[in-house]
Amino acid sequence: MQSRREFLQFAAVAASVFGAAGLASNPGRAFAQQKLTQDDLLRFDAKGQVTLLHFTDVHAQLKPIYFRPPDTNIGVGDYAGIPPHLVGEEFLKHFGIDAGSAYAYAHTFLDYEALAKTYGRLGGLDRTATLVKAIRAERGEDKVLFLDGGDTWQGSYTTLKTNAQDIYECMKLLKPDAMTGHWEFTLGTERFKELVEGMGYPFLASNIFDSEWDEPAFEHTSFFERGGVKVAVIGQAMPYTPIANPNWMFPEFSFGIRPEVLQANVDAAREAGAEVVVMLSHDGFDVDRKIASVVSGIDVILTGHTHDAVPRAVEVGSTLLLSSGSHGKYLGRVDLEVSGGKVVGYNSTLIPVFSDVIAPDAEMAAKIAEVRAPYEAECNRVIGRTETLLYRRGNFNGTWDDLICQGIREVRDVQIALSPGFRWGTTLLAGQDITIDDLYAATSMTYPNVYRSEMTGAQLKDIMEDVCDNLFNKDPFLQQGGDMVRVRGFTYDCAVNAEIGSRILNMRLSDTGEPIEADKTYTVGGWASVAEGTEGPAIYDLMEQYITSKGTVNVPDERTVNVVY
Amino acid sequence: MKFTRRETFAVAAGFVAFGVAGLRPTTASATEEDAMKAVMEFAGGEPQAGRISLTAPEIAENGNTVPVTVSVESPMTDADHVQSVVLYADGNPNPFVITFNFTPMSGEATATTRIRLAKTQNVIAVAKMSDGSSFMDKKQVKVTIGGCGG
Numbered sequence: 001m002q003s004r005r006e007f008l009q010f011a012a013v014a015a016s017v018f019g020a021a022g023l024a025s026n027p028g029r030a031f032a033q034q035k036l037t038q039d040d041l042l043r044f045d046a047k048g049q050v051t052l053l054h055f056t057d058v059h060a061q062l063k064p065i066y067f068r069p070p071d072t073n074i075g076v077g078d079y080a081g082i083p084p085h086l087v088g089e090e091f092l093k094h095f096g097i098d099a100g101s102a103y104a105y106a107h108t109f110l111d112y113e114a115l116a117k118t119y120g121r122l123g124g125l126d127r128t129a130t131l132v133k134a135i136r137a138e139r140g141e142d143k144v145l146f147l148d149g150g151d152t153w154q155g156s157y158t159t160l161k162t163n164a165q166d167i168y169e170c171m172k173l174l175k176p177d178a179m180t181g182h183w184e185f186t187l188g189t190e191r192f193k194e195l196v197e198g199m200g201y202p203f204l205a206s207n208i209f210d211s212e213w214d215e216p217a218f219e220h221t222s223f224f225e226r227g228g229v230k231v232a233v234i235g236q237a238m239p240y241t242p243i244a245n246p247n248w249m250f251p252e253f254s255f256g257i258r259p260e261v262l263q264a265n266v267d268a269a270r271e272a273g274a275e276v277v278v279m280l281s282h283d284g285f286d287v288d289r290k291i292a293s294v295v296s297g298i299d300v301i302l303t304g305h306t307h308d309a310v311p312r313a314v315e316v317g318s319t320l321l322l323s324s325g326s327h328g329k330y331l332g333r334v335d336l337e338v339s340g341g342k343v344v345g346y347n348s349t350l351i352p353v354f355s356d357v358i359a360p361d362a363e364m365a366a367k368i369a370e371v372r373a374p375y376e377a378e379c380n381r382v383i384g385r386t387e388t389l390l391y392r393r394g395n396f397n398g399t400w401d402d403l404i405c406q407g408i409r410e411v412r413d414v415q416i417a418l419s420p421g422f423r424w425g426t427t428l429l430a431g432q433d434i435t436i437d438d439l440y441a442a443t444s445m446t447y448p449n450v451y452r453s454e455m456t457g458a459q460l461k462d463i464m465e466d467v468c469d470n471l472f473n474k475d476p477f478l479q480q481g482g483d484m485v486r487v488r489g490f491t492y493d494c495a496v497n498a499e500i501g502s503r504i505l506n507m508r509l510s511d512t513g514e515p516i517e518a519d520k521t522y523t524v525g526g527w528a529s530v531a532e533g534t535e536g537p538a539i540y541d542l543m544e545q546y547i548t549s550k551g552t553v554n555v556p557d558e559r560t561v562n563v564v565y
Numbered sequence: 566m567k568f569t570r571r572e573t574f575a576v577a578a579g580f581v582a583f584g585v586a587g588l589r590p591t592t593a594s595a596t597e598e599d600a601m602k603a604v605m606e607f608a609g610g611e612p613q614a615g616r617i618s619l620t621a622p623e624i625a626e627n628g629n630t631v632p633v634t635v636s637v638e639s640p641m642t643d644a645d646h647v648q649s650v651v652l653y654a655d656g657n658p659n660p661f662v663i664t665f666n667f668t669p670m671s672g673e674a675t676a677t678t679r680i681r682l683a684k685t686q687n688v689i690a691v692a693k694m695s696d697g698s699s700f701m702d703k704k705q706v707k708v709t710i711g712g713c714g715g
């Protein structure tokens, strides 16, 4: 029997050893010598009997991509200044990563464009397949659990056109042991169920209930024997799916965090003999940091949704929390040593999937080519070119969304454009062509209509305050996991630490500098409304028209939101 | 409370259409003081904490039909049982929501219903016991416009 104190002592030792030797120095040095290899990326001090591999939020990206990490990722209250709310140099310092190294490029925005040219794209499901197969071969399949955290079946042209058949077929080849989800539901209940029924591994969700009877809608727990250890995996889907996404597409389901249900399921798993309890979660990082402190008995939380990438698992009490990024950029790994029915040691890492270093797996590469074949020509069709970096991720703005808002303002002839604070969407470097693939990586969805409406200043402020509270409420259980709604046409100050109703200040029209007045009416355009029957052109059609008409786009990285602390 | 699915979603769609109509109720709302006054009247004094637990979502998926569950620890014997539980919503035009009555024959004091919440507010549950004592639990439920989750 291991006391909690002993566990923590052991964990501290494991983490410090790992921090010094395992993370940055070996691959970092190797890369400095211009010879980072697949073996360097796979090098790991394997531990114990169980290996967990975590893959999440790929957003249907089959091919390697650029993805610029955020320069603004603010935490509030008890969550300020700790992972994942560290960016740039603070991030490098906290995790002991050398500036300019391959790992600095994978994890931070610093010198992003220059390093992108050196280190290239990350991801690609065929590269991930190589890593998964190599780890399964090295450890033995009987020791490895491969878990898909969801937001898998949305986010690309081919996924939109095939109703996710493309990414679904590819993921099946990787043989995950379980999955949970979020955007999957925006395929609609019927298609979602059809895919789940045929996939050959369970969709797990402790927190999805039938909305009529309030009965569990899915299996919540799967049990596995790995390395002679009984492991329970409990799924947790995105708790606010029916609020952040159109509930009318999946009215049969009610979600929520439901920590009391989770506790009951953890207790039941222990009762059934589980020596290790893993939560495969789409809650987001801060929600799960809180879960680790209010639900007892979870050994490891593999979290997604907020697209945070931490180079190694974070300890919260006696729970390990790993968040494995997004868009296929990383593969998360946690090894567990189990003795006497308890976790007594671990090692963890997040492997950046450097696409130029890792050999593509032939079987997966062939499958990707097969599913893309009918669309390949269209996917590669060039609609324009960008002279500046186009990226999305960040709490308040990104140039991709600035471009989208410009397009909405011009094509829909509105004073104000709003673009949702999605965290999915890839990056284009200055000088790159913009292809259909690139456009759909930023806009692909099943409720794409761009509305044109009139709103009063008071209504605009209410929307801004509401979305801002989803991001900066000091209680993570009230955070929905996206970034702030993007705005073009007015500027504002954001007091992130204030309460709802007092965060959005000094709203002024960009063109004239006039204050936005509560009872005045403004024309507003936006996309991804959760309301049924929203009318207007699809965002990807509107933006194809806009980019084509411009030929070349140039979007300076302007900051129109003044953050007040 | 009975909404057909079609009615519920018609209302929900109206509520979230471009975001805002539901946020500014035109009727006057109850206040926390109004609700606490009603609580004190029902309980005959200040209720204690403990024994009763109220389960409600942190954020309502649909403010028109918010599932809430109350349960009270009690042996439910003739000598010691829960007589009634009242729910209040302190931001609705009328804070009183519902009374559940129990007898020892109920076996356990648990009830679930769905309630309508006009805006973000506290839901309050008060249990009155057979010995005259009373217990209270309170949860804030956020009613949101609908976000842009990533």
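Residue numbers (the working numbering), protein chains in the order written: chain A, 1 to 565; chain B, 566 to 715.
Just so you know, even glycine gets a beta-carbon here, dropped at the ideal spot from N, CA and C.
Would you please verify whether the beta carbon of residue i is less than 8 Å from any beta carbon of chain A?
i, result
"glycine 697/B", "no"
"isoleucine 617/B", "no"
"isoleucine 689/B", "no"
"isoleucine 663/B", "no"
"isoleucine 721/B", "As shown, chain B starts at 566 and ends at 715. That puts residue 721/B outside it, with no answer to give."
Quick one: which chain A residues come within Cβ less than 7 Å of residue i?
i, result
"threonine 620/B", "Glu260"
Applying a beta-carbon distance threshold of less than 8 Å, which residues of chain B neighbour residue i?
i, result
"leucine 478/A", "Glu623, Ile624 and Lys707"
If the cut is a Cβ gap below 8 Å, which residues of chain A does residue i touch?
i, result
"proline 632/B", "Asp214 and Ser254"
Give the secondary structure of residue i by DSSP, where H, G and I count as helix, E and B as strand, and everything else as coil.
i, result
"histidine 107/A", "helix"
"lysine 367/A", "helix"
"lysine 704/B", "strand"
"tryptophan 213/A", "coil"
"valine 467/A", "helix"
"proline 242/A", "helix"
"leucine 428/A", "strand"
"proline 476/A", "helix"
"methionine 543/A", "helix"
"glutamate 284/A", "Just to set this straight, residue 284/A is glycine in the shown sequence, not glutamate. It is coil, neither helix nor strand."
"isoleucine 257/A", "coil"
"valine 357/A", "coil"
"histidine 220/A", "coil"
Using a beta-carbon distance below 8 Å, is residue i in contact with chain B?
i, result
"tyrosine 492/A", "no"
"tyrosine 240/A", "yes"
"asparagine 247/A", "yes"
"aspartate 308/A", "no"
"aspartate 462/A", "yes"
"aspartate 466/A", "yes"
"isoleucine 243/A", "yes"
"isoleucine 257/A", "yes"
Indicate whether residue i and residue j have their beta-carbon atoms separated by less than 8 Å.
i, j, result
"threonine 426/A", "histidine 305/A", "no"
"valine 414/A", "valine 294/A", "no"
"histidine 307/A", "glycine 332/A", "no"
"glycine 88/A", "leucine 110/A", "yes"
"isoleucine 82/A", "leucine 122/A", "no"
"aspartate 57/A", "valine 371/A", "no"
"leucine 460/A", "isoleucine 547/A", "no"
"leucine 321/A", "alanine 274/A", "no"
"lysine 703/B", "isoleucine 689/B", "yes"
"glutamine 432/A", "threonine 388/A", "no"
"serine 444/A", "serine 101/A", "no"
"phenylalanine 55/A", "lysine 329/A", "no"
"glycine 457/A", "alanine 518/A", "yes"
- Pairing CB atoms from the region 206–219 of chain A with CB atoms from the region 388–402 of chain A, are three or more of them under 8 Å? no
- Message: Three Cβ pairs or more, each shorter than 8 Å: is that satisfied between the region 469–478 of chain A and the region 221–232 of chain A?
- Response: no
- Query: Using 8 Å as the Cβ pair cut-off and three pairs as the minimum, do the region 346–359 of chain A and the region 38–50 of chain A touch?
  - Reply: By the C-beta criterion, the region 346–359 of chain A is judged to be in contact with the region 38–50 of chain A, since at least 3 inter-stretch pairs fall below 8 Å.
- Task: Pull out every residue of the region 498–524 of chain A whose Cβ sits closer than 9 Å to any Cβ of chain C, in chain order.
- Result: In the structure shown, chain C cannot be found, because the protein chains are A and B.
- So does the region 180–187 of chain A actually touch the region 236–254 of chain A, counting three or more Cβ pairs closer than 8 Å? yes
- Task: Check whether the region 116–131 of chain A touches the region 353–368 of chain A, counting contact only when three or more Cβ pairs, one atom from each stretch, lie closer than 8 Å.
- Result: yes
- Message: Count Cβ pairs between the region 595–615 of chain B and the region 639–653 of chain B that sit closer than 8 Å; are there 3 or more?
- Response: yes
- Message: For the pair the region 192–204 of chain A and the region 218–226 of chain A, tell me if three or more CB-CB distances fall below 8 Å.
- Response: yes
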